[in-house]
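Colleague: The sequence shown: position 150 = 150 (this note's numbering), numbered continuously.
We put the CB at the ideal spot given by N, CA and C, even for glycine.
Quick caveat, the model's predicted, so the values are computed rather than measured.
Sharing a structure below in structure tokens format, with a few things to ask.
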Amino acid sequence: MFSLARQFLNLVLPAKCPICHLDLSTEKGEPPPFCGLCSQNMIKILGPCCPTCGRPLPSGELLDAGPGFRCGDCRLGHTHLDGARAFFYFAGPTRDAIHLFKYHGFWRLGRGLAALAIGNQIKEWPYDASLILPVPLDSFRLRKRGFNQAVVLGRSFSEVKGIPMALDLIVRTKRVPPQVGLRGKERLKNIRGCFKVTHPEKIEGQKVLLSDDVVTTGATANECARILKKSGADRVYLFALAGTFQSPAGIGLGKDSL
Ligand SMILES: [Zn+2]
Ligand SMILES: [Zn+2]
């Protein structure tokens, strides 16, 4: 409902950056989803990352130890993901944009963020996926929100990379309390047993790329990966728009407000 109202308002109001409210109507053609300054201030996750969870690492030398390297967090628990990447730190205008997209129906922001992330980093994307699966929302949240933000991002990736996306192969079977405020192991426990693969024969042998908006501890994606591998998935990777990581230089922020 609110997204219909939003679409109507988008038509009648002058174009403004939804994040900082800068006037965009002077730009030629269709206004961009957000202004250039906000775009510049979205901090990209560059440099070496943990190959399993996408967490930025202080030094690439850690990876020289071998392909089996895992960060401290990943070594603590059993990980089913074969790789993960987040494009931005969940901070500043990126955090504002994701909140507007996710909770207030600013679709163009979601598409714009995905385009920016994919345009910037797609060349570096190391994974050879055969199928994109958005991390599913439970039906209550889907009804309340009206859309699954992970689908919007998955579709952008699918269009650019030409990898098919499927919507119904992994579903949530039950609601769980929000993960906000829970720590790594509690998140894993909270989410365990919440997903089901509907057609295991379509998962068998696939290299699955999960899409999601924000990765925090990776517990949700890890549980999806566990179930997908039980159904015969060959590999499971995750790409997320943003990660709630602390950067090695202290940029970024803590695990808040999801
Ligand atoms: Zn702006
Ligand atoms: Zn890790």
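May I have the straight-line CA-CA distance separating residue 257 from residue 91, to the nearest angstrom?
Modeller: Per-residue confidence for residue 257 stands at a pLDDT of 36, beneath the threshold of 50, marking its modelled position as unreliable; the derived number appears in the next sentence. Spanning the two alpha carbons is a distance of roughly 11 Å.
Colleague: So, residue 211 versus residue 134, is the Cβ gap smaller than 7 Å?
Modeller: Cβ distance < 7 Å, so residue 211 and residue 134 count as in contact.
Colleague: Could you give the DSSP three-state label for residue 164: helix, strand or coil?
Modeller: In this structure, residue 164 counts as coil in the three-state DSSP scheme.
Colleague: Distance check for residue 201 and residue 208, CA to CA, integer angstroms please.
Modeller: Answer to the nearest angstrom: the Cα atoms are 14 Å apart.
Colleague: With a 10 Å radius around its C-beta and 16 neighbouring C-beta atoms as the bar for buried, classify residue 29 as buried or exposed.
Modeller: Exposed: under 16 other Cβ atoms inside 10 Å.
Colleague: Could you spell out the range, first to last residue, of the beta strand (DSSP E) harbouring residue 106?
Modeller: That residue, residue 106, is in no beta strand (DSSP E); it is neither H nor E in DSSP.
Colleague: Give the single residue among 139, 20, 142, 84 whose Cα lies nearest to the Cα of residue 128.
Modeller: Out of 139, 20, 142, 84, 84 has the C-alpha closest to the C-alpha of residue 128.
Colleague: Quick check on the DSSP output: what are the complete alpha helix (DSSP H) runs of length 4 or more inside the region 63-102, in order along the chain?
Modeller: For the region 63-102, whole alpha helix (DSSP H) runs of length 4 or above, ordered along the chain, are 72-76.
Colleague: Taking the C-alpha atoms as reference points, what is the distance between residue 204 and residue 168?
Modeller: Taking the straight line from one Cα to the other gives about 15 Å.
Colleague: Can you tell me the Cα-Cα spacing of residue 162 and residue 246, whole angstroms?
Modeller: Residue 162 and residue 246: Cα-Cα distance of roughly 32 Å.
Colleague: Is there contact here, the region 112-119 with the region 192-201, by at least three beta-carbon pairs under 8 Å?
Modeller: No: fewer than three Cβ pairs fall under 8 Å.
Colleague: Mind checking residue 1: buried by the 16 CB within 10 Å criterion, or exposed?
Modeller: Below a pLDDT of 50, predicted positions are generally treated as unreliable, and residue 1, at 48, falls in that range; the measurement from the model is reported next regardless. Its Cβ having fewer than 16 others within 10 Å, residue 1 is exposed.
Colleague: Locate the beta strand (DSSP E) running through residue 200, then write down its first and last residues.
Modeller: Element bounds for residue 200: not the beta strand (DSSP E) but the alpha helix (DSSP H), 200-203.
Colleague: Does residue 255 come out as helix, strand or coil in the three-state DSSP assignment?
Modeller: Note that residue 255 scores 41 on pLDDT, short of 50, meaning its location in the model is unreliable and no value can be drawn from it.
Colleague: Mind checking whether residue 152 and residue 110 have CB atoms under 7 Å apart?
Modeller: Cβ distance < 7 Å, so residue 152 and residue 110 count as in contact.
Colleague: I need the boundaries of the alpha helix (DSSP H) containing residue 144, first residue and last residue.
Modeller: From DSSP, the alpha helix (DSSP H) with residue 144 extends over 139-145.
Colleague: List the residues that DSSP assigns as beta-bridge partners of residue 56.
Modeller: DSSP output for residue 56 lists 49 as bridge partner(s).
Colleague: Report whether the distance from the Cβ of residue 22 to the nearest heavy atom of ligand 1 is below 6 Å.
Modeller: Yes, Cβ of residue 22 sits closer than 6 Å to a heavy atom of ligand 1.
Colleague: Would DSSP call residue 241 helix, strand or coil?
Modeller: It is a strand residue.
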